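Q:
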Amino acid sequence: MSYLCIVIKTKGNINSPTEYKMTRMIKFTKMHGAGNDYIYVDTTKYPIESPEKLSVIWSAPHTGIGSDGLVLIGSSDKADFSMRIFNADGSEAKMCGNASRCIGKYLYEYGLTSKPAVTLDTLSGIKVLKLHIKDGKVDTVTVDMGIPTGMQEQTVEADGRKFTGTTVSMGNPHLVIFVDDIKEIDLESIGPKLENYPSFPGRINVEFAQILEDGKIRMRVWERGSGVTQACGTGACATAVAAALTGRAGRSSDIIMDGGTLTIEWDEKNGHVMMTGGAVRVFDGEIEIINA
Ligand SMILES: N[C@@H](CCC[C@H](N)C(=O)O)C(=O)O
1 MSYLCIVIKT
11 KGNINSPTEY
21 KMTRMIKFTK
31 MHGAGNDYIY
41 VDTTKYPIES
51 PEKLSVIWSA
61 PHTGIGSDGL
71 VLIGSSDKAD
81 FSMRIFNADG
91 SEAKMCGNAS
101 RCIGKYLYEY
111 GLTSKPAVTL
121 DTLSGIKVLK
131 LHIKDGKVDT
141 VTVDMGIPTG
151 MQEQTVEADG
161 RKFTGTTVSM
171 GNPHLVIFVD
181 DIKEIDLESI
191 GPKLENYPSF
201 PGRINVEFAQ
211 ILEDGKIRMR
221 VWERGSGVTQ
231 ACGTGACATA
241 VAAALTGRAG
251 RSSDIIMDGG
261 TLTIEWDEKN
271 GHVMMTGGAV
281 RVFDGEIEII
291 NA
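First residue of the sequence shown: 1, per the working numbering; consecutive thereafter.
Laid out in structure tokens, this is it:
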């Protein structure tokens with residue numbers, strides 16, 4: 001396991017001894033789910049006051065730790081633990097599929113729980129995580145992502161092209177667009193235009209997807225508040241739902257993203273979407289913040 005110590009001055013002056021007295025070390029863990037990487041902080045031990053600001057500073061690739069955002073693990077009076085998720089631009093989202101699996105691994109492997117099923121309080125309700133354990137480690141996690149809502153056909157225009165997609169909310173909003181050849185899509189150019197499209201005043205996550213010959217689904221994502229990421233758990237669920245609704249796939253799909261594959265099952269009986277995939281701890285670190 002690697003260990004990293006980074007000092008980032010968020011405010012203050014090297015010549016000011018008073019401000020130096022106000023520094024604090026925060027332990028964090030960098031984790032990824034299918035390449036979607038976040039900085040995880042256990043706020044029961046390391047309370048954080050301005051996560052919106054820290055997410056921007058810490059997520060920066062060259063001057064920070066580098067990540068798609070910041071995830072806070074906390075206590076809850078409604079569930080075993082709580083999760084808050086901040087994008088790299090500091091905006092807070094209601095739900096994060098990849099982070100919920102990583103939290104399952106974090107809680108079990110750092111001894112915060114010994115239960116194979118954990119409840120997680122999120123801004124999008126309580127989620128149940130089922131930990132699949134192999135040789136004492138969390139191998140994969142299945143998350144009950146709840147019932148999708150807001151499914152509607154939506155036509156949008158960007159870079160002189162018209163696209164018709166399906167909106168799906170998995171607690172956070174997604175627009176899923178199926179295309180014949182995903183390689184033709186310039187995501188860096190089209191993504192921000194659709195994220196900020198006038199029809200979506202709260203902005204939106206955008207997925208481009210292609211049905212492959214073997215029935216699996218190749219998907220690339222532009223995430224609201226973080227840009228192109230290697231994977232999006234809620235986006236994978238939204239893609240599977242959109243594919244099933246439009247007759248492109250059945251109720252179970254493998255969604256292949258840039259950083260890995262997630263298996264999504266949309267239960268016909270109760271309408272819940274179940275997401276299964278891996279979670280990886282990259283390294284632990286310590287970072288200094290100056291509260292002045
Ligand atoms: N990567 C996430 C979703 C993170 C939040 C999203 N960018 C939003 O603003 O809604 C996932 O794995 O679900």
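Heads up, the beta-carbon is just placed ideally off N, CA and C, and yes, glycines get one too. As the structure is a computational prediction, the values presented were derived from the model and not from experiment.
Thinking just about the alpha-carbon of each residue, which of 142, 128 and 175 is nearest to the one in residue 150?
A: Within the sequence shown, residue 150 is the residue found at index 150, counting from 1. When each option's Cα is compared against that of residue 150, the closest is 175.
Q: Nearest CA to the CA of residue 106: which residue from 279, 285, 76 and 288?
A: Taking the sequence shown and counting its residues from 1, one reaches residue 106 at position 106. Of 279, 285, 76 and 288, the residue nearest in Cα terms is 279.
Q: Hey, would you say the C-beta of residue 223 is under 7 Å away from at least one heavy atom of ligand 1?
A: Residue 223 sits at position 223 when you count from the first residue of the sequence shown. Residue 223 Cβ: within cutoff of ligand 1.
Q: Taking buried to mean at least 16 other C-beta atoms within 10 Å of its own C-beta, is residue 51 buried or exposed?
A: To locate residue 51, count along the sequence shown from 1; it is residue 51. Looking at its Cβ environment, which holds 16 or more other Cβ atoms inside 10 Å, residue 51 is buried.
Q: Could you give the C-beta distance for residue 260 and residue 231, rounded to a whole number, given that I count them as a contact under 8 Å?
A: Working through the sequence shown from its first residue, we reach residue 260 at position 260. Working through the sequence shown from its first residue, we reach residue 231 at position 231. Right, their Cβ atoms sit about 6 Å apart.
Q: Taking the continuous alpha helix (DSSP H) assigned at residue 106, which residues delimit it?
A: Residue mapping note: residue 106 aligns to position 106 of the sequence shown, counting from 1. Counting along the chain, the alpha helix (DSSP H) containing residue 106 begins and ends at 97 to 109.
Q: Please work out which residues of its chain come closer than 8 Å, Cβ to Cβ, to residue 256, disregarding the five sequence neighbours upstream and downstream, and give them in chain order.
A: For the purposes of this step, residue 256 is taken as the residue at position 256 of the sequence shown. Contacts found: 212, 216, 217, 218 and 219.
Q: So, is residue 82 buried or exposed, given that buried needs 16 or more other C-beta atoms within 10 angstroms?
A: Sequence index remark: in the sequence shown, residue 82 carries index 82 (1-based). That one is buried.
Q: Enumerated in chain order, which unbroken segments of the beta strand (DSSP E) with a length of 3 residues or greater are wholly contained in the region 135 to 171?
A: DSSP runs (the beta strand (DSSP E)) wholly in the region 135 to 171: 137 to 144, 149 to 158 and 161 to 169.
Q: Could you tell me which residues DSSP pairs with residue 174 in its beta bridges?
A: Residue mapping note: residue 174 aligns to position 174 of the sequence shown, counting from 1. Answer is 168 and 205, bridged to residue 174.
Q: Using beta carbons (cut-off 8 Å, strictly below), is residue 193 in contact with chain D?
A: No chain D is part of this structure, which consists of one protein chain only.
Q: Give the single residue among 69, 91 and 179 whose Cα lies nearest to the Cα of residue 165.
A: Numbered from its first residue, the sequence shown carries residue 165 at position 165. Selected option, being the one with the closest Cα: 179.
Q: If you measure from the CB of residue 124, is any heavy atom of ligand 1 nearer than 7 Å?
A: Locating residue 124 in the sequence shown gives position 124, counting from the first residue. Answer for residue 124: no, Cβ out of range of ligand 1.
Q: I need the straight-line Cα distance from residue 116 to residue 127, nearest angstrom please.
A: Numbered from 1 along the sequence shown, position 116 holds the residue referred to as residue 116. Numbered from 1 along the sequence shown, position 127 holds the residue referred to as residue 127. Residue 116 and residue 127: Cα-Cα distance of roughly 14 Å.
Q: Among 234, 161 and 258, whose alpha-carbon lies nearest the alpha-carbon of residue 228?
A: Counting from one through the sequence shown, the residue named residue 228 turns up at place 228. Here the closest residue by C-alpha is 258.
Q: Can you find the residues in the same chain that come closer than 6 Å, C-beta to C-beta, to residue 233, ignoring five residues on each side of it along the sequence?
A: Your numbering for residue 233 matches position 233 in the sequence shown. So the list reads 97, 98 and 275, once near-sequence residues are dropped.
Q: So if DSSP puts residue 70 in a beta bridge, which residue, or which two residues, is it bridged to?
A: For the purposes of this step, residue 70 is identified with residue 70 of the sequence shown, where counting begins at 1. Paired residue(s): 39 and 86.
Q: Contact between the region 155 to 163 and the region 187 to 205: three or more CB pairs below 8 Å?
A: The region 155 to 163 is in contact with the region 187 to 205.
Q: May I have the straight-line CA-CA distance separating residue 60 from residue 69, to the nearest angstrom?
A: Along the sequence shown, one-based indexing puts residue 60 at 60. Along the sequence shown, one-based indexing puts residue 69 at 69. Residue 60 and residue 69: Cα-Cα distance of roughly 9 Å.
Q: Rounded to a whole number of angstroms, what is the C-alpha to C-alpha distance between residue 244 and residue 34?
A: Within the sequence shown, the letter at position 244 stands for residue 244. Within the sequence shown, the letter at position 34 stands for residue 34. Answer to the nearest angstrom: the Cα atoms are 22 Å apart.
Q: Using only the alpha-carbon positions, how far apart do residue 167 and residue 24 sit?
A: Counting from one through the sequence shown, the residue named residue 167 turns up at place 167. Counting from one through the sequence shown, the residue named residue 24 turns up at place 24. So the alpha carbons of these two residues sit roughly 43 Å apart.
Q: Report whether the distance from the Cβ of residue 226 to the nearest heavy atom of ligand 1 is below 7 Å.
A: In the sequence shown, the residue the question calls residue 226 occupies position 226. The answer is yes for residue 226.
Q: Between the Cα of residue 57 and the Cα atoms of 73, 42, 87 and 114, which residue gives the shortest distance?
A: Reading the sequence shown from its first residue, position 57 is the one you call residue 57. With distances taken between Cα atoms, residue 57 lies closest to 87.
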